[in-house]
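In the working numbering, the protein residues as written are 76 to 443.
The structure appears below as C-alpha coordinates.
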(Lines of atoms letter the chains of each structure in order from A and count residues from 1; the text may use other names and numbers.)
(Lines give C-alpha, C1' and ligand atoms only; values in the text may rest on other atoms or scores of the structure.)
Protein backbone atom coordinates (compact mmCIF):
# COMPACT_ATOMS: atom_id res chain seq x y z
CA UNK A 1 0.00 0.00 0.00
CA UNK A 2 1.56 3.29 -1.12
CA UNK A 3 1.33 6.63 0.66
CA UNK A 4 -1.63 7.82 -1.38
CA UNK A 5 -3.60 4.64 -0.63
CA UNK A 6 -2.73 4.88 3.06
CA UNK A 7 -3.90 8.49 3.07
CA UNK A 8 -7.22 7.57 1.43
CA UNK A 9 -7.64 4.69 3.89
CA UNK A 10 -6.94 7.05 6.80
CA UNK A 11 -9.50 9.49 5.43
CA UNK A 12 -12.16 6.79 5.22
CA UNK A 13 -11.49 5.68 8.79
CA UNK A 14 -11.62 9.24 10.12
CA UNK A 15 -14.78 10.00 8.14
CA UNK A 16 -16.41 6.86 9.52
CA UNK A 17 -15.31 7.81 13.03
CA UNK A 18 -16.71 11.31 12.61
CA UNK A 19 -20.06 10.00 11.32
CA UNK A 20 -20.31 7.46 14.13
CA UNK A 21 -19.68 10.09 16.77
CA UNK A 22 -22.22 12.47 15.20
CA UNK A 23 -24.87 9.75 14.87
CA UNK A 24 -24.53 8.76 18.52
CA UNK A 25 -25.69 12.20 19.63
CA UNK A 26 -28.35 12.87 16.98
CA UNK A 27 -32.08 12.17 17.39
CA UNK A 28 -35.33 12.64 15.43
CA UNK A 29 -38.32 14.43 16.96
CA UNK A 30 -41.52 13.35 15.20
CA UNK A 31 -45.14 13.16 16.43
CA UNK A 32 -44.09 14.40 19.89
CA UNK A 33 -41.61 11.55 20.35
CA UNK A 34 -37.81 11.39 20.28
CA UNK A 35 -36.09 8.57 18.37
CA UNK A 36 -32.50 7.37 18.37
CA UNK A 37 -31.34 7.54 14.73
CA UNK A 38 -29.08 4.48 15.13
CA UNK A 39 -31.43 2.03 16.89
CA UNK A 40 -34.75 3.65 15.98
CA UNK A 41 -35.86 3.26 19.59
CA UNK A 42 -37.76 5.92 21.52
CA UNK A 43 -35.85 7.99 24.01
CA UNK A 44 -36.70 10.88 26.30
CA UNK A 45 -36.25 14.61 25.96
CA UNK A 46 -33.55 14.77 28.64
CA UNK A 47 -31.33 12.41 26.66
CA UNK A 48 -32.05 13.95 23.26
CA UNK A 49 -31.49 17.53 24.44
CA UNK A 50 -27.83 16.72 25.08
CA UNK A 51 -27.25 16.19 21.36
CA UNK A 52 -28.63 17.34 18.02
CA UNK A 53 -32.35 16.92 17.37
CA UNK A 54 -33.75 16.81 13.83
CA UNK A 55 -37.24 18.26 14.22
CA UNK A 56 -39.78 17.23 11.58
CA UNK A 57 -41.69 20.35 10.53
CA UNK A 58 -44.40 19.73 7.93
CA UNK A 59 -45.07 23.40 7.33
CA UNK A 60 -44.16 26.00 4.74
CA UNK A 61 -43.62 28.55 7.54
CA UNK A 62 -39.95 29.51 7.79
CA UNK A 63 -38.44 28.69 11.18
CA UNK A 64 -35.04 30.15 10.31
CA UNK A 65 -33.61 33.58 9.57
CA UNK A 66 -31.54 34.89 6.68
CA UNK A 67 -29.20 37.79 7.44
CA UNK A 68 -26.02 39.32 6.08
CA UNK A 69 -24.31 39.06 9.47
CA UNK A 70 -23.93 36.09 11.75
CA UNK A 71 -26.09 35.96 14.86
CA UNK A 72 -25.65 33.92 18.04
CA UNK A 73 -27.53 30.86 16.85
CA UNK A 74 -26.71 27.19 17.17
CA UNK A 75 -26.70 26.32 13.45
CA UNK A 76 -25.28 28.62 10.79
CA UNK A 77 -24.92 28.04 7.05
CA UNK A 78 -23.15 30.44 4.71
CA UNK A 79 -25.17 30.80 1.51
CA UNK A 80 -23.71 30.24 -1.94
CA UNK A 81 -23.87 33.98 -2.68
CA UNK A 82 -21.21 34.41 0.06
CA UNK A 83 -23.14 37.44 1.29
CA UNK A 84 -25.77 36.01 3.60
CA UNK A 85 -26.20 33.42 6.34
CA UNK A 86 -29.10 31.04 6.91
CA UNK A 87 -29.40 30.48 10.66
CA UNK A 88 -31.57 28.64 13.15
CA UNK A 89 -31.59 27.84 16.84
CA UNK A 90 -32.98 24.38 16.10
CA UNK A 91 -32.30 21.72 13.50
CA UNK A 92 -35.70 21.70 11.79
CA UNK A 93 -36.30 19.92 8.50
CA UNK A 94 -37.44 23.22 6.96
CA UNK A 95 -34.07 24.71 7.85
CA UNK A 96 -32.29 21.68 6.34
CA UNK A 97 -34.46 21.93 3.22
CA UNK A 98 -33.53 25.59 2.80
CA UNK A 99 -29.82 24.78 3.09
CA UNK A 100 -29.98 21.95 0.56
CA UNK A 101 -32.09 24.02 -1.83
CA UNK A 102 -29.37 26.68 -1.71
CA UNK A 103 -26.65 24.05 -2.12
CA UNK A 104 -28.21 21.85 -4.83
CA UNK A 105 -30.96 24.11 -6.25
CA UNK A 106 -33.68 21.48 -5.74
CA UNK A 107 -36.14 20.68 -2.95
CA UNK A 108 -36.55 17.01 -3.85
CA UNK A 109 -34.13 14.95 -1.80
CA UNK A 110 -33.63 12.15 0.71
CA UNK A 111 -31.81 12.73 3.98
CA UNK A 112 -30.25 9.49 5.25
CA UNK A 113 -29.52 8.51 8.83
CA UNK A 114 -28.78 4.94 9.97
CA UNK A 115 -32.36 3.85 10.77
CA UNK A 116 -34.43 6.40 8.85
CA UNK A 117 -34.96 8.17 5.56
CA UNK A 118 -36.39 11.69 5.69
CA UNK A 119 -37.99 12.32 2.32
CA UNK A 120 -38.51 15.93 1.13
CA UNK A 121 -41.18 16.66 -1.46
CA UNK A 122 -40.76 20.45 -1.50
CA UNK A 123 -42.83 23.33 -0.02
CA UNK A 124 -42.21 22.14 3.52
CA UNK A 125 -43.54 18.61 2.99
CA UNK A 126 -41.52 15.82 4.61
CA UNK A 127 -42.01 12.17 5.44
CA UNK A 128 -40.07 9.94 7.86
CA UNK A 129 -39.54 6.32 6.76
CA UNK A 130 -38.06 3.69 9.06
CA UNK A 131 -35.43 1.47 7.40
CA UNK A 132 -34.21 -0.26 10.54
CA UNK A 133 -34.90 -3.80 9.35
CA UNK A 134 -34.76 -3.23 5.58
CA UNK A 135 -32.02 -4.25 3.17
CA UNK A 136 -30.62 -2.21 0.29
CA UNK A 137 -33.09 -3.61 -2.26
CA UNK A 138 -36.06 -2.76 -0.02
CA UNK A 139 -34.78 0.78 0.47
CA UNK A 140 -34.32 1.31 -3.26
CA UNK A 141 -37.84 0.02 -3.88
CA UNK A 142 -39.23 2.47 -1.30
CA UNK A 143 -37.47 5.38 -3.00
CA UNK A 144 -38.61 4.36 -6.47
CA UNK A 145 -42.22 4.06 -5.27
CA UNK A 146 -42.02 7.35 -3.38
CA UNK A 147 -40.59 9.54 -6.12
CA UNK A 148 -42.17 7.81 -9.12
CA UNK A 149 -39.25 8.61 -11.41
CA UNK A 150 -38.78 12.21 -10.25
CA UNK A 151 -35.16 13.33 -9.91
CA UNK A 152 -33.95 13.74 -6.33
CA UNK A 153 -30.75 14.28 -4.36
CA UNK A 154 -29.61 11.53 -1.97
CA UNK A 155 -27.57 13.01 0.88
CA UNK A 156 -26.21 11.75 4.20
CA UNK A 157 -26.96 13.74 7.38
CA UNK A 158 -23.23 13.96 8.19
CA UNK A 159 -22.73 15.78 4.87
CA UNK A 160 -25.54 18.22 5.67
CA UNK A 161 -24.16 18.79 9.15
CA UNK A 162 -20.75 19.50 7.65
CA UNK A 163 -22.23 22.43 5.72
CA UNK A 164 -23.04 24.16 8.99
CA UNK A 165 -20.97 25.71 11.73
CA UNK A 166 -22.20 24.00 14.87
CA UNK A 167 -21.92 26.16 17.98
CA UNK A 168 -22.92 25.60 21.57
CA UNK A 169 -25.48 27.96 23.08
CA UNK A 170 -25.95 25.89 26.22
CA UNK A 171 -23.54 28.00 28.27
CA UNK A 172 -25.03 31.51 28.68
CA UNK A 173 -22.15 32.63 30.90
CA UNK A 174 -19.53 31.78 28.28
CA UNK A 175 -18.96 33.40 24.90
CA UNK A 176 -18.44 30.50 22.48
CA UNK A 177 -16.56 31.34 19.32
CA UNK A 178 -16.58 28.82 16.51
CA UNK A 179 -13.27 27.66 15.22
CA UNK A 180 -11.67 25.30 12.82
CA UNK A 181 -8.40 23.38 12.83
CA UNK A 182 -7.10 22.59 9.41
CA UNK A 183 -4.83 19.56 8.96
CA UNK A 184 -2.93 20.14 5.70
CA UNK A 185 -1.69 17.05 3.87
CA UNK A 186 1.38 16.74 1.66
CA UNK A 187 -0.43 15.34 -1.36
CA UNK A 188 -3.84 16.07 -2.89
CA UNK A 189 -5.58 13.32 -4.84
CA UNK A 190 -8.08 15.40 -6.79
CA UNK A 191 -7.34 19.12 -6.67
CA UNK A 192 -4.22 19.89 -8.66
CA UNK A 193 -4.12 23.57 -7.75
CA UNK A 194 -4.29 22.76 -4.02
CA UNK A 195 -1.58 20.17 -4.45
CA UNK A 196 0.73 22.64 -6.15
CA UNK A 197 0.06 25.26 -3.46
CA UNK A 198 0.93 22.80 -0.68
CA UNK A 199 4.04 21.62 -2.51
CA UNK A 200 5.16 25.24 -2.78
CA UNK A 201 4.56 25.58 0.95
CA UNK A 202 6.61 22.47 1.69
CA UNK A 203 9.46 23.76 -0.47
CA UNK A 204 9.35 27.03 1.42
CA UNK A 205 9.74 25.15 4.71
CA UNK A 206 12.60 23.07 3.34
CA UNK A 207 14.37 26.12 1.96
CA UNK A 208 13.97 28.00 5.24
CA UNK A 209 15.68 25.23 7.20
CA UNK A 210 18.53 24.65 4.76
CA UNK A 211 21.66 26.20 6.20
CA UNK A 212 23.39 26.62 2.85
CA UNK A 213 20.60 28.61 1.13
CA UNK A 214 21.03 32.28 0.47
CA UNK A 215 19.29 34.73 2.77
CA UNK A 216 16.74 35.87 0.16
CA UNK A 217 15.68 32.25 -0.41
CA UNK A 218 14.68 31.99 3.25
CA UNK A 219 12.00 34.65 3.10
CA UNK A 220 8.67 32.89 3.66
CA UNK A 221 5.56 34.63 2.38
CA UNK A 222 3.39 31.65 1.41
CA UNK A 223 0.04 32.19 3.17
CA UNK A 224 -0.31 28.55 4.24
CA UNK A 225 3.12 28.40 5.86
CA UNK A 226 2.74 31.84 7.45
CA UNK A 227 -0.57 30.77 8.99
CA UNK A 228 0.99 27.59 10.36
CA UNK A 229 3.95 29.48 11.84
CA UNK A 230 1.76 32.16 13.45
CA UNK A 231 -0.53 29.53 14.99
CA UNK A 232 2.38 27.55 16.41
CA UNK A 233 4.20 30.64 17.63
CA UNK A 234 1.06 31.73 19.49
CA UNK A 235 0.67 28.28 21.08
CA UNK A 236 4.31 28.48 22.22
CA UNK A 237 3.66 32.04 23.42
CA UNK A 238 0.87 30.70 25.66
CA UNK A 239 2.91 27.76 26.97
CA UNK A 240 5.97 29.94 27.67
CA UNK A 241 4.15 32.80 29.40
CA UNK A 242 6.01 33.78 32.58
CA UNK A 243 3.39 34.65 35.17
CA UNK A 244 3.77 36.93 38.18
CA UNK A 245 3.13 35.37 41.58
CA UNK A 246 -0.59 35.00 42.23
CA UNK A 247 -1.62 35.15 38.57
CA UNK A 248 -2.67 32.70 35.86
CA UNK A 249 -3.77 32.57 32.24
CA UNK A 250 -7.53 33.08 32.26
CA UNK A 251 -8.63 33.52 28.64
CA UNK A 252 -7.09 33.02 25.21
CA UNK A 253 -8.66 34.30 22.00
CA UNK A 254 -7.35 32.78 18.78
CA UNK A 255 -9.34 35.24 16.69
CA UNK A 256 -7.16 38.22 17.58
CA UNK A 257 -4.28 36.29 19.23
CA UNK A 258 -4.97 37.80 22.65
CA UNK A 259 -4.05 36.28 26.01
CA UNK A 260 -5.65 37.54 29.23
CA UNK A 261 -3.84 37.19 32.55
CA UNK A 262 -5.92 37.02 35.74
CA UNK A 263 -4.35 38.09 39.05
CA UNK A 264 -5.41 38.36 42.66
CA UNK A 265 -3.21 41.43 43.04
CA UNK A 266 -2.95 44.58 40.92
CA UNK A 267 -0.63 44.46 37.90
CA UNK A 268 0.69 47.39 35.84
CA UNK A 269 -1.95 48.45 33.29
CA UNK A 270 -4.50 45.99 34.66
CA UNK A 271 -8.14 46.56 35.58
CA UNK A 272 -10.37 45.00 38.23
CA UNK A 273 -13.17 42.88 36.75
CA UNK A 274 -15.23 40.17 38.41
CA UNK A 275 -12.99 39.85 41.48
CA UNK A 276 -9.76 39.62 39.44
CA UNK A 277 -7.27 42.07 38.04
CA UNK A 278 -6.99 41.43 34.33
CA UNK A 279 -4.39 42.38 31.76
CA UNK A 280 -4.30 41.60 28.03
CA UNK A 281 -1.22 40.55 26.09
CA UNK A 282 -1.20 40.43 22.31
CA UNK A 283 0.88 38.23 20.04
CA UNK A 284 1.86 40.22 16.97
CA UNK A 285 1.24 38.15 13.86
CA UNK A 286 3.64 38.52 10.97
CA UNK A 287 3.19 38.26 7.22
CA UNK A 288 6.78 37.30 6.37
CA UNK A 289 9.25 34.97 8.06
CA UNK A 290 12.88 34.28 7.31
CA UNK A 291 12.74 30.72 8.65
CA UNK A 292 10.49 28.19 10.38
CA UNK A 293 11.35 28.43 14.10
CA UNK A 294 10.39 24.84 14.91
CA UNK A 295 10.57 21.35 13.43
CA UNK A 296 7.21 20.51 11.86
CA UNK A 297 5.61 17.21 12.91
CA UNK A 298 4.15 14.91 10.27
CA UNK A 299 0.40 15.08 9.59
CA UNK A 300 -0.03 11.40 10.53
CA UNK A 301 1.74 11.93 13.85
CA UNK A 302 -0.54 14.86 14.67
CA UNK A 303 -3.69 13.02 13.61
CA UNK A 304 -2.73 10.12 15.86
CA UNK A 305 -2.40 12.53 18.81
CA UNK A 306 -5.72 14.22 18.11
CA UNK A 307 -7.38 10.86 17.49
CA UNK A 308 -6.65 9.91 21.09
CA UNK A 309 -8.88 12.80 22.16
CA UNK A 310 -12.05 11.27 20.76
CA UNK A 311 -14.18 12.60 23.62
CA UNK A 312 -13.28 16.23 22.92
CA UNK A 313 -12.83 16.29 19.12
CA UNK A 314 -15.36 16.27 16.32
CA UNK A 315 -14.69 15.77 12.62
CA UNK A 316 -16.56 18.45 10.66
CA UNK A 317 -15.43 17.84 7.08
CA UNK A 318 -12.79 15.99 5.12
CA UNK A 319 -11.36 16.87 1.71
CA UNK A 320 -8.47 15.81 -0.43
CA UNK A 321 -6.20 18.58 0.83
CA UNK A 322 -7.41 19.31 4.35
CA UNK A 323 -9.39 18.08 7.32
CA UNK A 324 -11.52 20.29 9.52
CA UNK A 325 -12.03 19.55 13.21
CA UNK A 326 -13.45 21.27 16.22
CA UNK A 327 -12.06 20.72 19.67
CA UNK A 328 -14.97 21.44 21.96
CA UNK A 329 -14.96 20.72 25.68
CA UNK A 330 -17.30 22.36 28.15
CA UNK A 331 -14.88 21.75 30.97
CA UNK A 332 -11.21 20.89 30.46
CA UNK A 333 -8.87 20.88 33.44
CA UNK A 334 -5.62 22.81 33.21
CA UNK A 335 -3.49 19.67 33.02
CA UNK A 336 -5.47 18.31 30.04
CA UNK A 337 -5.44 21.74 28.41
CA UNK A 338 -1.67 22.04 28.65
CA UNK A 339 -1.33 18.52 27.23
CA UNK A 340 -3.63 19.46 24.32
CA UNK A 341 -1.59 22.55 23.48
CA UNK A 342 1.63 20.55 23.58
CA UNK A 343 0.11 17.97 21.21
CA UNK A 344 -0.95 20.72 18.80
CA UNK A 345 2.40 22.52 18.89
CA UNK A 346 4.59 21.98 15.80
CA UNK A 347 1.70 20.38 13.85
CA UNK A 348 0.95 21.58 10.28
CA UNK A 349 -2.23 23.29 11.46
CA UNK A 350 -3.84 26.70 11.40
CA UNK A 351 -6.31 27.65 14.12
CA UNK A 352 -8.65 30.05 12.39
CA UNK A 353 -10.40 31.18 15.57
CA UNK A 354 -11.87 30.02 18.83
CA UNK A 355 -11.34 30.59 22.50
CA UNK A 356 -10.09 29.14 25.76
CA UNK A 357 -12.14 30.72 28.52
CA UNK A 358 -11.89 30.85 32.29
CA UNK A 359 -14.38 28.77 34.26
CA UNK A 360 -12.57 28.35 37.53
CA UNK A 361 -8.99 28.07 38.79
CA UNK A 362 -8.62 24.46 37.66
CA UNK A 363 -10.68 24.34 34.48
CA UNK A 364 -11.41 26.14 31.20
CA UNK A 365 -14.04 26.02 28.49
CA UNK A 366 -12.29 25.18 25.22
CA UNK A 367 -13.79 25.82 21.74
CA UNK A 368 -11.22 25.57 18.92
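Note that the Cβ used here is the ideal one computed from N, Cα and C, for glycine as well.
As the structure is a computational prediction, the values presented were derived from the model and not from experiment.
Check the C-beta distance from residue 322 over to residue 338 and give it rounded, since I have them as a contact under 8 Å.
Taking C-beta atoms under 8 Å as the contact rule, residue 322 and residue 338 qualify, at a distance of about 4 Å.
If you run the structure through DSSP and keep just helix, strand and coil, what is residue 326?
Three-state DSSP puts residue 326 in a strand.
Skipping 5 residues on each side, what residues in its chain have a beta carbon closer than 6 Å to that of residue 245?
The predicted model places residue 245 with a pLDDT of 28, which falls under 50 and marks its position as unreliable, so this point remains unresolved.
Rounded to a whole number of angstroms, what is the C-alpha to C-alpha distance between residue 181 and residue 157?
It is roughly 19 Å from the alpha-carbon of residue 181 to the alpha-carbon of residue 157.
Among residues of its own chain, excluding the 5 on either side of residue 111, which ones have a beta-carbon nearer than 7 Å to its beta-carbon?
So the qualifying residues of the chain are 102, 118.
So, with DSSP's three-state summary, where would you put residue 204?
Three-state DSSP puts residue 204 in a strand.
How is the beta strand (DSSP E) around residue 354 delimited, first residue to last?
Boundaries of the beta strand (DSSP E) harbouring residue 354: 351-357, taken from the DSSP string.
Residue 210 - DSSP class collapsed to helix/strand/coil
Reduced to three states, the DSSP call for residue 210 is coil.
Give every residue of the same chain whose Cβ lies closer than 7 Å to the Cβ of residue 221, excluding the five residues on either side of it in the sequence, and list them in chain order.
Closer than 7 Å at Cβ, skipping near neighbours: 194.
When you compare each of 325, 239, 360, 202 to residue 348 by their alpha carbons, which one comes out closest?
Checking every option, the nearest Cα to that of residue 348 belongs to 325.
Can you give me the Cβ contacts of residue 205 inside the same chain, cut-off strictly under 7 Å, excluding the 5 residues immediately before and after it?
Counting only Cβ-Cβ distances below 7 Å, and skipping sequence neighbours, we find 115, 190, 191.
Quick check on residue 105: buried or exposed, where buried means 16 or more other Cβ atoms within 10 Å of its Cβ?
When all chains shown are included, residue 105 counts as buried.
Sequence-distant residues of its chain with Cβ nearer than 7 Å to residue 218 (five each side left out):
Apart from the 5 residues on each side of it in sequence, residue 218 sits with its Cβ closer than 7 Å to the Cβ of 185 in its chain, given in chain order.
Roughly how many whole angstroms lie between the Cα atoms of residue 230 and residue 188?
So the alpha carbons of these two residues sit roughly 9 Å apart.
Indicate whether residue 361 and residue 407 have their beta-carbon atoms separated by less than 8 Å.
No, they are not a contact pair.
If you draw a straight line from the C-alpha of residue 175 to the C-alpha of residue 359, how long is it?
Taking the straight line from one Cα to the other gives about 40 Å.
Should residue 142 and residue 160 be called a contact, given that it needs their Cβ atoms to be closer than 8 Å?
Taking C-beta atoms as the reference points, residue 142 and residue 160 count as a pair closer than 8 Å.
8 Å contact criterion, which residue 163 and residue 150 should meet: CB distance rounded
Residue 163 to residue 150, Cβ: 5 Å. Contact.
Are the beta-carbon atoms belonging to residue 423 and residue 379 less than 8 Å from one another?
Not closer than 8 Å, so no.
Beta-carbon contacts of residue 94 that lie in its chain and below 6 Å, excluding the five residues immediately before and after
So the list reads 233, once near-sequence residues are dropped.
Can you name, in chain order, every residue of its own chain whose Cβ lies under 6 Å from the Cβ of residue 364, other than the five neighbours on each side?
295, 304.
Out of curiosity, what's the CA-to-CA distance linking residue 196 and residue 398?
Whole-angstrom Cα-Cα distance: 33 Å.
For a test of the three-state rule: what should DSSP assign to residue 194, helix, strand or coil?
Strand.
Where DSSP assigns a beta bridge to residue 155, which residues make up the other side?
Its beta-bridge partners do not exist; DSSP assigns none.
DSSP state of residue 116, grouped into three classes?
DSSP places residue 116 outside both helix and strand once states are collapsed to three, so it counts as coil.
Assuming the contact rule is C-beta atoms closer than 8 Å, residue 311 and residue 420 should be a hit. Round their C-beta distance to whole Å, please.
About 6 Å separates the two Cβ atoms, so the contact holds.
Rounded C-alpha distance that separates residue 108 from residue 100
Cα atoms of residue 108 and residue 100: separation of roughly 16 Å, rounded to the nearest angstrom.
Closer than 7 Å by C-beta to residue 344: which residues in its own chain qualify, once you throw out the five before and the five after it? Chain order, please.
Residues 354 of the same chain have their beta carbon placed closer than 7 Å to that of residue 344, with the five preceding and five following residues left out of the count.
Would you kindly work out how many angstroms separate the C-alpha atoms of residue 152 and residue 97, rounded to a whole number?
Rounded to the nearest whole angstrom, the C-alpha separation of residue 152 and residue 97 is 18 Å.
Please decide whether residue 125 counts as near chain D, where near means a Cβ-Cβ distance under 8 Å.
Chain labels in this structure do not include chain D; a single protein chain is all it has.
Mind checking who residue 142 pairs with in its DSSP beta bridge?
160, per the DSSP bridge assignment.
With a 10 Å radius around its C-beta and 16 neighbouring C-beta atoms as the bar for buried, classify residue 179 as buried or exposed.
Residue 179 comes out exposed.
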